[in-house]
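Under our numbering, read the sequence shown as residues 108 to 393, first letter to last.
Let me begin by presenting the structure, written as structure tokens, before commenting on it.
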Amino acid sequence: MTWTFSTSLDDFRARAGAVLAARPAENTVLLTIAHRLAESGLDVFGGPPVFGWWRAEEGGPVEGAFLQTPPFDPRLSFMPEAAAAELAVALAAAGTGLTTVNGIAGATDAVRAFAAAWTAATGTEQSVRVEERLYRLGRLTDPPRPPAGRHRPAGPADRELVIRWYREFLAEAKVELPDVPRAVDEKTAAGGLHLWEDGGEPVALAGTSPVLVGMSRVGPVYTPVEHRGRGYGSAVTAAASAHVLTCGATEVLLYTDLANPTSNSIYQQIGYRPVEDCLIVDFRAR
């Protein structure tokens, strides 16, 4: 069993592209990150990325992959638990000459395998930061209590509002993004930002990723505090989901925080069904 590491996006896509495309739902994050790196440059998330792919035997097919865009944590593809544990040992042996690992994200079983091997190899402790659930859209249905208003795409005139809402969403989610205006501008230009407006006033936001190998992911979804509890979040999510279906998506996905029972409930009400549970785990010195 062996991991190969690289700093070349082209090599990563050539070696790991097929295994990622074979399971686009479970590999949605890696697919969309790799696409944005290709479209916007290797510095779009911050530091230079690190990539890796795993073969169970020399010369065999690639069966797992990871990527990291520092300062963010490495993200695991769908992979065997043995591959995740071996990755932890290999990264620990490589030390900071390759990358710095402060946490790990991905499917629950693979993350647990990585975390157990990492803490054993480094003497660190682990703690769960976020428990997530990945959902796939089945049959899209209208929200049970459709709110007043309508959907429309966000445009350049909405820039300052959307930037502010993005920052509010990121603050609530405890997630950092190095250049929010750039992310908003690129997503707006690609038609990937959606607003729900009521009485001519925007009241909720949803983003969508480009359709890649038939997959698109909805997120972020954000309703300002003063507009919550009226069904706007459900409505804009349903509208954004319908939009990517018309763009050719055959799998429409989204993540929820399992600590938020409201979001897990409303997405199921419009047709989303669970795929897998995921974890983000932090490491710290003892």
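Heads up, the beta-carbon is just placed ideally off N, CA and C, and yes, glycines get one too.
Model, not experiment: these values are computed from the prediction.
{"Check": "Test: Gly202 CB closer than 8 Å to a CB of chain B", "Outcome": "In the displayed structure, chain B is absent; only one protein chain is listed."}
{"Check": "Coil, strand or helix - Ala366 by DSSP", "Outcome": "coil"}
{"Check": "C-alpha gap between Gly202 and Arg219, whole angstroms", "Outcome": "20 Å"}
{"Check": "Where the alpha helix (DSSP H) through Val287 begins and ends", "Outcome": "Val287 to Ala296"}
{"Check": "Proximity to Thr111 [Cα-Cα], best of Asp180, Ala145, Gly154 and Glu165", "Outcome": "Glu165"}
{"Check": "Residues that DSSP places opposite His301 in a beta bridge", "Outcome": "Pro260 and Ala313"}
{"Check": "Coarse secondary structure for Thr114, derived from DSSP in three states", "Outcome": "coil"}
{"Check": "Rounded straight-line distance, which links the Cα of Ser184 to that of Val126", "Outcome": "9 Å"}
{"Check": "Close-in-space but distant-in-sequence residues of the same chain around Ser316 (CB under 6 Å, 5 per side omitted)", "Outcome": "Thr139, Ser323 and Arg324"}
{"Check": "Reduced DSSP category for Ile373 - H, G, I as helix; E, B as strand; rest coil", "Outcome": "helix"}
{"Check": "C-beta atoms of Ala290 and His301 nearer than 8 Å", "Outcome": "no"}
{"Check": "Alpha helix (DSSP H) segment containing Asp216, residue limits", "Outcome": "Thr215 to Thr229"}
{"Check": "For Ala222 and Arg391, the rounded distance between their alpha carbons", "Outcome": "11 Å"}
{"Check": "Segment contact, 8 Å Cβ cut-off, at least three pairs: the segment 239-251 with the segment 375-390", "Outcome": "yes"}
{"Check": "Distance, Ala189 Cα to Cys354 Cα", "Outcome": "38 Å"}
{"Check": "Residues sharing a beta bridge with Gly210, DSSP", "Outcome": "Asp389"}
{"Check": "Neighbourhood of Pro327 by C-beta, 6 Å cutoff - its chain only, sequence neighbours within 5 removed", "Outcome": "Phe276 and Gly314"}
{"Check": "Beta-carbon proximity list for Glu358, same chain, < 7 Å, skipping 5 on both sides", "Outcome": "Pro131, Ala132, Arg243, Gly321 and Met322"}
{"Check": "The beta strand (DSSP E) enclosing Ser348, as first and last residue numbers", "Outcome": "Per DSSP, Ser348 belongs to no beta strand (DSSP E); it is in the alpha helix (DSSP H), Tyr339 to Thr353."}
{"Check": "Identity of the residue in Pro181, Glu333 and Arg271 nearest Trp160 by Cα", "Outcome": "Pro181"}
{"Check": "Counted within 10 angstroms of its Cβ, other Cβ atoms place Asn367 as buried (16 or more) or exposed", "Outcome": "exposed"}
{"Check": "Where the alpha helix (DSSP H) through Leu268 begins and ends", "Outcome": "Arg266 to Ala280"}
{"Check": "Cβ-Cβ distance between Ala192 and Ala172 below 8 Å", "Outcome": "no"}
{"Check": "Segment contact, 8 Å Cβ cut-off, at least three pairs: the segment 256-265 with the segment 291-300", "Outcome": "yes"}
{"Check": "Backbone secondary structure at Arg162 - three-state DSSP", "Outcome": "strand"}
{"Check": "Buried versus exposed, by CB contacts within 10 Å (16 or more), Val282", "Outcome": "exposed"}
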